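The structure appears right after this line, and notes come after that.
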Amino acid sequence: MRKSLHDIEKLEAYIQNRLSPAEAQEIRTDLLLHPSKYHDWLSQKESYLLVHAAGRKQLKTELQAIHLSLVQDPAKQKWWQQIQAFFVS
Amino acid sequence: MEKEKGTLKAKFQQNREQTFRSLYKKVFPAVARFVAKKGGDLALAEDIFQDAMILYFEKVVSDQICEPHNPQAYILGISRNLFFQHCKKNKPSLGLESLGEFTVAPSEEATPLPDRHRLLDYLTTAGKKCMDLLQAFYYFRSPMKEIAKEFGYRSERSATVQKYKCLEKVRETVKQAHYAEVIA
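Those sequence lines, one after another, are chains A and B. For the record, in the first sequence the residue sitting at position 40 is 40 according to the numbering used here, with numbers rising by one throughout. Quick note, the numbering used here runs 1000 ahead of the 1-based positions in the second sequence.
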């Protein structure tokens, strides 16, 4: 694995609190001394948030599809009618 | 359901759709009844239940739920909280951002970051394969062995290297978007 990927791996370990106190301190010093590394750190953290958001979006789509398939399933009509009945005032 | 303790995470990883489908059939009626009793409508019940399932899934796959637990009670509990949050905020729609853990704490944002939704749309189209791989690992928590098989890599090591390459690509896109915003 090339060095830049090793750096990403190490930054990931830092972000996930998997480094020893000494290693973490080394990274913190690096981030303070090198603006480019600080931006790497910031962008990497943002990348995880984006992946997380994409995962949630995908899961929501999957759940909506499951909902649709259940309400359209003739075998689940009784189940669906029971649910709809809760909302009839 | 309680007898399935310890295996729910594996079930989610092995057959997510089937596991969700089974939970949907069992738990949605209770959530719908709760929302109806509180004066909410069916669309709100669906939205709340699906968001509760997302939070539940995240907790199960990241080992944040102590075993044994009762999935029905857990999901119903999350749904109640989401419903009360919704009432408090009086929002017409929940939106996935309201589930939390999506925003960066202000102290962590030394400089404003690019529009996350726009960036997300871009990444899920232009860099779909990479995003799928990253999601499989970081969000769905699939074992690397499964990921390697699913994405056609010869070994777990190859898949791991590709994961970091993808992360590098996404990170560069984030940086470029940030830079474009700063100079705009």
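A virtual CB, placed ideally from N, CA and C, is assigned to each residue, including glycine. All values derive from a computational prediction rather than experimental measurement.
Proximity winner among the options, relative to residue i (alpha-carbon distances)
{"i": "S47 (chain A)", "options": "B:M1053, B:L1076, B:L1120, B:M1144", "result": "B:L1120"}
{"i": "I83 (chain A)", "options": "B:A1148, B:Y1074, B:F1028", "result": "B:F1028"}
{"i": "E62 (chain A)", "options": "B:P1071, B:R1033, B:A1177, B:Q1018", "result": "B:Q1018"}
{"i": "F86 (chain A)", "options": "B:S1142, B:Q1176, B:V1031, B:V1174", "result": "B:V1031"}
{"i": "F1034 (chain B)", "options": "B:K1165, B:F1012, B:F1083, B:P1071", "result": "B:F1083"}
Rounded straight-line distance, which links the Cα of residue j to that of residue i
{"i": "P74 (chain A)", "j": "A1036 (chain B)", "result": "24 Å"}
{"i": "Y38 (chain A)", "j": "H1178 (chain B)", "result": "13 Å"}
{"i": "L42 (chain A)", "j": "K1163 (chain B)", "result": "19 Å"}
{"i": "I1054 (chain B)", "j": "E26 (chain A)", "result": "37 Å"}
{"i": "A1136 (chain B)", "j": "Q77 (chain A)", "result": "34 Å"}
{"i": "A1105 (chain B)", "j": "S89 (chain A)", "result": "Confidence in A1105 (chain B) is poor, its pLDDT being 38 and thus under 50, which makes the residue's placement unreliable; the coordinate value appears in the next sentence. C-alpha separation (whole angstroms): 43 Å."}
{"i": "V1161 (chain B)", "j": "K1038 (chain B)", "result": "50 Å"}
{"i": "A22 (chain A)", "j": "Y1056 (chain B)", "result": "36 Å"}
{"i": "R1157 (chain B)", "j": "E9 (chain A)", "result": "13 Å"}
{"i": "Q1014 (chain B)", "j": "L33 (chain A)", "result": "45 Å"}
{"i": "I1126 (chain B)", "j": "P35 (chain A)", "result": "The residue you asked about is not Ile; residue 1126 (chain B) is Ala in the sequence shown. Between A1126 (chain B) and P35 (chain A), the C-alpha separation is close to 28 Å."}
{"i": "K57 (chain A)", "j": "N1081 (chain B)", "result": "21 Å"}
{"i": "L5 (chain A)", "j": "K1165 (chain B)", "result": "7 Å"}
{"i": "R1171 (chain B)", "j": "R28 (chain A)", "result": "19 Å"}
{"i": "I1147 (chain B)", "j": "L1123 (chain B)", "result": "20 Å"}
{"i": "A1073 (chain B)", "j": "Y1024 (chain B)", "result": "13 Å"}
{"i": "K1145 (chain B)", "j": "K1059 (chain B)", "result": "22 Å"}
Any chain A beta carbon closer than 8 Å to residue i
{"i": "P1106 (chain B)", "result": "Legend: pLDDT at P1106 (chain B) = 36, less than 50; position of this residue unreliable, value from coordinates given subsequently. No, P1106 (chain B) does not count as interfacial toward chain A."}
{"i": "A1159 (chain B)", "result": "no"}
{"i": "E1188 (chain B)", "result": "What is shown of chain B runs 1001 to 1184, which leaves residue 1188 (chain B) out entirely."}
{"i": "H1178 (chain B)", "result": "yes"}
{"i": "I1147 (chain B)", "result": "no"}
{"i": "Q1014 (chain B)", "result": "no"}
{"i": "A1036 (chain B)", "result": "yes"}
{"i": "E1101 (chain B)", "result": "Because E1101 (chain B) sits at a pLDDT of 48, beneath the cut-off of 50, its placement in the model cannot be relied upon, and the point is left open."}
{"i": "E1017 (chain B)", "result": "yes"}
{"i": "D1063 (chain B)", "result": "no"}
Any chain B beta carbon closer than 8 Å to residue i
{"i": "D73 (chain A)", "result": "no"}
{"i": "L63 (chain A)", "result": "yes"}
{"i": "Q81 (chain A)", "result": "no"}
{"i": "L50 (chain A)", "result": "yes"}
{"i": "L68 (chain A)", "result": "no"}
{"i": "Q77 (chain A)", "result": "no"}
{"i": "K60 (chain A)", "result": "yes"}
Beta carbon proximity, residue i to chain C, threshold 8 Å
{"i": "R1033 (chain B)", "result": "This model lacks chain C altogether; the protein chains it does include are A and B."}
Taking only runs of the alpha helix (DSSP H) that begin and end inside the segment 1049-1099 of chain B, which ones reach a length of at least 4 residues, in chain order?
Counting only runs that start and end inside the segment 1049-1099 of chain B, the alpha helix (DSSP H) elements of at least 4 residues fall at 1071-1089.
Using Cβ-Cβ distances below 7 Å, what residues of the segment 1-34 of chain A are close to chain B?
Cβ contacts with chain B: M1, S4, L5, I8, E9.
If you measure beta-carbon to beta-carbon, which residues of the segment 1164-1176 of chain B are closer than 7 Å to chain A?
For the segment 1164-1176 of chain B, the set of positions with a beta-carbon nearer than 7 Å to some beta-carbon of chain A reads Y1164, K1165, L1167, E1168, V1170, R1171, V1174, K1175 in chain order.
Closer than 7 Å between beta carbons: that is the criterion. Which residues of the segment 1112-1139 of chain B meet it against chain A?
Listed by position, the residues of the segment 1112-1139 of chain B near chain A (Cβ gap below 7 Å) are L1113, R1116, L1119, L1120, L1123, T1124, M1131, L1134, Q1135, Y1138, Y1139.
At a Cβ cut of 7 Å, what residues of the segment 1043-1058 of chain B count as close to chain A, listed as they run along the chain?
So the list reads E1046, Q1050, M1053, I1054, F1057, given in the order they occur along the chain.
Along the segment 1020-1031 of chain B, where does the CB come closer than 9 Å to a CB of chain A? Name the residues.
Close to chain A, meaning a Cβ-Cβ distance shorter than 9 Å, are the following residues of the segment 1020-1031 of chain B: F1020, R1021, Y1024, K1025, F1028, P1029.
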